[in-house]
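These notes concern the structure reproduced below.
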Ligand code: AMP
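In the working numbering, the protein residues as written are 11 to 550.
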């Protein structure tokens, strides 16, 4: 017997309509690419998104068509999200840090019909335009006065496009499983693969993300997503924040410590979200300028492991709660959040849990398995391949067979290696491809990196496996020294030896000026392996 409940589809457009009706005067503030501070309200955003939706339909953008964006976090990008998905087309966000050949591949694979581009990114589209097979036109996201010179064909001006259409539009209804947005994720090998989200998955993810023990979003919060809107939809914040009518602050292209600090203070931001590298820059700025952001209550840190030193600095020096979170593009992206349980009162125990990636958000199920697929115990010791499933996790990659993403039992293999403890906290020890195998046993690089980064003379650290005649591979510690110091290998070992399993201690330490970062701000271990792969260990 079925329940007697209305079958109303969960559609993204309803978020903005709801925000207009119930939090219509709540602000959305942007540092624009042109450099000014722009402020308006959810009501204004809704009005302009409707105009843009009419404009897109006039351009013959239809249900299911892909419309790309190559843009920073701004109010205009926010409008494009809602206008494109609102008419049943698919917002395809492009990462401006991608190599031209990857960009061409992605845009052709997605069959992007239009691309919305920020003024300072136009050159990236110009560089690949001749190779784009499906592109009908380009919309430059600015007003007439700031339109750049360009060699591109069929170029439109965003503000003119909006001005020339009315806001008279009722959002159309369609199946909630209709595709809404598309985000490619690049592995270290092979072509990037597309994660195609639906209205339903985005809406359920938005509900979950707003929960108090997840991103804690509500109307009284002021939320600054530093995480780019081209990186898994800024972790879904543009949807969750709109659902609850939170004030949104978009940082535009300026992500340095001083610029983020200025917005945090000027807009009384209460919660900011981003990858660890962003927070390194902010904390360095705070230390140098001897300042802080008094309204900031919470930072959400994910995308790479958040070092303990960073958690401590935020919490102990500034009284700002760190929410360490883990997820991936294929998971929309929310997977886990690490918050100690109320029963955990001991500071050491609380910190031990916070360093972990956390407990799954309701909706995400996870397990660890060995190489034969057998499930491993949830004892915090056994580590294995992490598998997940849930209503916002991809079923298959865009245009690929289901077997490319999930196994026969319906689980998605994350490619992460992890433990799960008896309290339900998951801890990533490595990406499976970064795991160091020493004498047949796995060494988790993340724990070593975390420990090395808590050394006062170390700014950043990465650990890779390098060949060893006896053990196959042994860990090499690569550090970016802090404050003009240069800790030696012996210094590092002295610091780590009582805190780490003995055979996990690195065999050597090398210094580097900066760690190579990939398009989403993660350390590129492939590059480090290229550079240091033939390093001769003193133990070899
Ligand atoms: P992406 O799809 O680009 O967001 O990358 C997802 C991957 O980033 C995950 O599979 C993890 O390997 C890594 N990752 C994300 N968050 C964390 C975290 N909190 N700690 C460690 N690794 C993380």
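Even for Gly, the Cβ is constructed at its ideal location relative to N, Cα and C.
Residue from the options with nearest C-alpha to residue i
i: residue 80; options: 96, 57, 56 and 133; result: 133
i: residue 24; options: 98, 498, 131 and 394; result: 98
i: residue 497; options: 513, 522 and 450; result: 522
i: residue 420; options: 264, 375, 363 and 217; result: 375
i: residue 164; options: 185, 126 and 302; result: 126
i: residue 308; options: 320, 280 and 299; result: 280
i: residue 265; options: 235, 204 and 69; result: 235
i: residue 37; options: 479, 510, 258 and 536; result: 258
i: residue 49; options: 277, 111, 215 and 135; result: 277
i: residue 248; options: 489, 503 and 86; result: 86
i: residue 329; options: 342, 304, 185 and 336; result: 304
i: residue 273; options: 182, 105, 445 and 39; result: 39
Helix, strand or coil at residue i [DSSP, three-state]
i: residue 173; result: helix
i: residue 604; result: Not covered by the structure: residue 604. The range shown for the chain is 11 to 550.
i: residue 144; result: coil
i: residue 126; result: strand
i: residue 14; result: coil
i: residue 157; result: coil
i: residue 248; result: helix
i: residue 254; result: helix
i: residue 444; result: helix
i: residue 385; result: strand
i: residue 83; result: strand
i: residue 269; result: helix
i: residue 194; result: strand
i: residue 372; result: coil
i: residue 545; result: coil
i: residue 166; result: strand
i: residue 364; result: helix
i: residue 326; result: helix
i: residue 496; result: coil
Residue j beta carbon less than 9 Å from that of residue i
i: residue 60; j: residue 34; result: no
i: residue 41; j: residue 230; result: no
i: residue 436; j: residue 366; result: yes
i: residue 295; j: residue 267; result: yes
i: residue 492; j: residue 466; result: yes
i: residue 47; j: residue 95; result: no
i: residue 187; j: residue 161; result: no
i: residue 157; j: residue 84; result: no
i: residue 533; j: residue 314; result: yes
i: residue 145; j: residue 168; result: no
i: residue 290; j: residue 469; result: yes
i: residue 331; j: residue 460; result: no
i: residue 448; j: residue 485; result: yes
i: residue 205; j: residue 212; result: no
i: residue 386; j: residue 399; result: no
i: residue 322; j: residue 225; result: no
i: residue 542; j: residue 474; result: yes
i: residue 242; j: residue 282; result: no
i: residue 142; j: residue 122; result: yes
i: residue 343; j: residue 210; result: no
i: residue 237; j: residue 285; result: yes
i: residue 63; j: residue 181; result: yes
i: residue 440; j: residue 430; result: no
Backbone CA spacing between residue i and residue j [nearest angstrom]
i: residue 288; j: residue 139; result: 31 Å
i: residue 406; j: residue 340; result: 9 Å
i: residue 171; j: residue 71; result: 14 Å
i: residue 524; j: residue 507; result: 25 Å
i: residue 391; j: residue 515; result: 18 Å
i: residue 88; j: residue 403; result: 23 Å
i: residue 433; j: residue 77; result: 43 Å
i: residue 27; j: residue 271; result: 31 Å
i: residue 90; j: residue 358; result: 45 Å
i: residue 354; j: residue 360; result: 6 Å
i: residue 217; j: residue 428; result: 27 Å
i: residue 66; j: residue 100; result: 12 Å
i: residue 191; j: residue 221; result: 23 Å
i: residue 113; j: residue 415; result: 22 Å
i: residue 15; j: residue 147; result: 43 Å
i: residue 509; j: residue 438; result: 18 Å
i: residue 260; j: residue 396; result: 33 Å
i: residue 512; j: residue 371; result: 34 Å
i: residue 411; j: residue 203; result: 12 Å
i: residue 115; j: residue 550; result: 42 Å
i: residue 417; j: residue 426; result: 15 Å
i: residue 320; j: residue 482; result: 33 Å
i: residue 501; j: residue 462; result: 11 Å
i: residue 154; j: residue 393; result: 57 Å
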